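Below is one structure, written out as structure tokens; comments come after it.
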Amino acid sequence: MVDEEIIYKRRGIGMFVMEGAKTKLLNERKKQYRNEYILPLLEEAKRLGLSMETVLKLIKEEEQK
């Protein structure tokens, strides 16, 4: 996490969270979510011939359950 600039070390004192670390981690997680879930979903929808409107409708239906 030091390499990713999430935390920093202070010799003899310990490790501390860097300013902006939460935002940085959240943005990285959003990017990961997009790559692992959203892109495959859209690729599969395209293979099945589903429109974006249909995909959104299916998602909204699941959300309401």
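When you number the sequence shown by this note's numbering, it's gap-free, plus one each residue, and the end is 93.
Glycine residues also receive a C-beta, built at the ideal position from the N, C-alpha and C atoms.
Nothing here was measured: the structure is a model prediction, and the numbers come from that model.
Tell whether a beta-carbon distance below 8 Å holds between residue i and residue j.
i: LEU53; j: ILE66; result: no
Leaving out five residues on either side along the sequence, give the residues of the same chain with a beta carbon under 7 Å from the beta carbon of residue i.
i: VAL30; result: TYR36 and LYS37
i: MET46; result: GLU33, ILE34, ILE35 and TYR36
Go through its chain and collect everything with a Cβ distance to residue i's Cβ below 6 Å, but skip five positions before and after it.
i: LEU8; result: Residue numbering for the chain in the displayed model covers 29 to 93; residue 8 lies beyond these limits and cannot be assessed.
Quiz item: If you scan the stretch 39-75 from start to end, which runs of the alpha helix (DSSP H) of 4 or more residues do you find wholly inside it?
Solution: 49-61
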